[in-house]
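First residue of the sequence shown: 1, per UniProt numbering; consecutive thereafter. Cβ atoms here follow ideal geometry from the backbone N, Cα and C, with glycine treated the same way. This one's a predicted model, so the numbers in the text were calculated from it and none came from an experiment. Heads up, the thing below is written out as structure tokens.
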Amino acid sequence: MSNCVLIHKKDDLNLIENWRPISLSNTIYKLFAKCLTRKLQDWCSFNQVLSPAQKGFTPYDGVIEHNFLLAQFIENAKRNKSEALLAFLDISNAFGSLPHEVLFKALEQAGVEFEFTTLIRNIYLGSNTCVLTEEGPTDPIPILRGVKQGCPLSGLLFNIAINHILVDVQGDNDSRKILAFADDL
1 MSNCVLIHKK DDLNLIENWR PISLSNTIYK LFAKCLTRKL QDWCSFNQVL
51 SPAQKGFTPY DGVIEHNFLL AQFIENAKRN KSEALLAFLD ISNAFGSLPH
101 EVLFKALEQA GVEFEFTTLI RNIYLGSNTC VLTEEGPTDP IPILRGVKQG
151 CPLSGLLFNI AINHILVDVQ GDNDSRKILA FADDL
């Protein structure tokens with residue numbers, strides 16, 4: 001069980017899509033989740049599970065590298081007077097819309113140990129949240145999809161879940177380059 005607060009992102013206060021849900025969990029859970037994140041990150045790095053195109057929620061700063069690569073790509077196209085095709089994709093509500101079964105399947109396909117995958121499954125299945133409002137907390141609301149906003153594990157779990165997209169788009173084609181920062185592709 002977690003509590004959830006809504007943080008205003010932009011524009012009209014009356015539209016729910018202009019609010020970001022942030023999950024507030026107890027400190028023990030957050031410490032536990034941080035330990036799991038470290039273990040899973042180490043495992044992913046050792047086994048080279050994640051595409052090198054993904055720089056979001058990784059232990060190294062990839063924004064600078066991506067910006068450099070993009071600038072070089074554009075500069076080379078200008079210098080060579082060649083076409084440069086760019087596409088930007090920002091997945092709407094990406095973290096909140098990820099089906100749990102897709103996440104669990106991605107963990108299994110990545111080769112994550114059964115016990116670890118079961119632990120993640122147990123964290124997610126049957127979980128509830130209460131939204132904290134001015135009138136007090138709501139009744140418990142089941143969390144049926146999405147990674148937990150504000151949880152230390154969420155970014156890495158999301159990366160694992162979408163990794164196959166990065167790998168499939170990149171393929172063996174060196175002339176096509178994909179750059180990703182979490183859900184921004």
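Using a Cβ-Cβ cut-off of 6 Å (strictly less than) and excluding sequence neighbours within five positions of residue i, which residues of its own chain qualify?
i       : result
Asp-11  : Asn-18
Pro-137 : Cys-130
Phe-181 : Lys-55 and Gly-56
Val-49  : Ala-110
Near residue i, which residues of its chain fall below 7 Å by C-beta distance, leaving aside the five closest residues on each side in sequence?
i       : result
Thr-37  : Pro-152, Leu-153 and Leu-156
Ile-143 : Ser-127, Asn-128 and Thr-129
Asp-146 : According to the sequence provided, residue 146 is Gly. The question's Asp does not apply to it. Counting only Cβ-Cβ distances below 7 Å, and skipping sequence neighbours, we find Phe-95, Gly-96, Ser-97 and Leu-98.
Ser-23  : Ser-2, Cys-4, Thr-129, Lys-148, Gln-149, Gly-150 and Cys-151
Gln-41  : Pro-59 and Leu-156
Just how far apart, CA to CA, sit residue i and residue j?
i       : j       : result
Lys-39  : Phe-46  : 11 Å
Leu-166 : Leu-119 : 26 Å
Leu-86  : Gln-54  : 17 Å
His-8   : Ser-25  : 20 Å
Val-102 : Glu-113 : 16 Å
Ile-64  : Ile-141 : 39 Å
Ile-123 : Gly-111 : 19 Å
Phe-88  : Leu-185 : 6 Å
Thr-27  : Leu-125 : 20 Å
Asp-139 : Leu-6   : 16 Å
Phe-68  : His-100 : 35 Å
Glu-135 : Leu-70  : 48 Å
Ile-74  : His-66  : 12 Å
Asn-173 : Arg-79  : 22 Å
Use the C-beta contact count for residue i: other C-beta atoms within 10 angstroms, 16 or more gives buried, fewer gives exposed.
i       : result
Leu-13  : exposed
Phe-104 : buried
Leu-179 : buried
Cys-44  : buried
Gln-72  : exposed
Leu-31  : exposed
Leu-15  : exposed
Keeping to the same chain, check which residues put their C-beta closer than 8 Å to that of residue i; ignore five residues upstream and five downstream.
i       : result
Asp-183 : Gly-56, Asp-90, Ile-91, Ala-94, Phe-95, Phe-158 and Ile-162
Thr-117 : Phe-104, Leu-107 and Glu-108
Gln-170 : Ser-51, Ala-53, Arg-176, Lys-177 and Ile-178
Ala-77  : Glu-83 and Ala-84
Give me the Cβ distance between residue i and residue j, rounded to the nearest whole Å; I'm assuming they're in contact under 8 Å.
i      : j       : result
Pro-21 : Gln-149 : 5 Å
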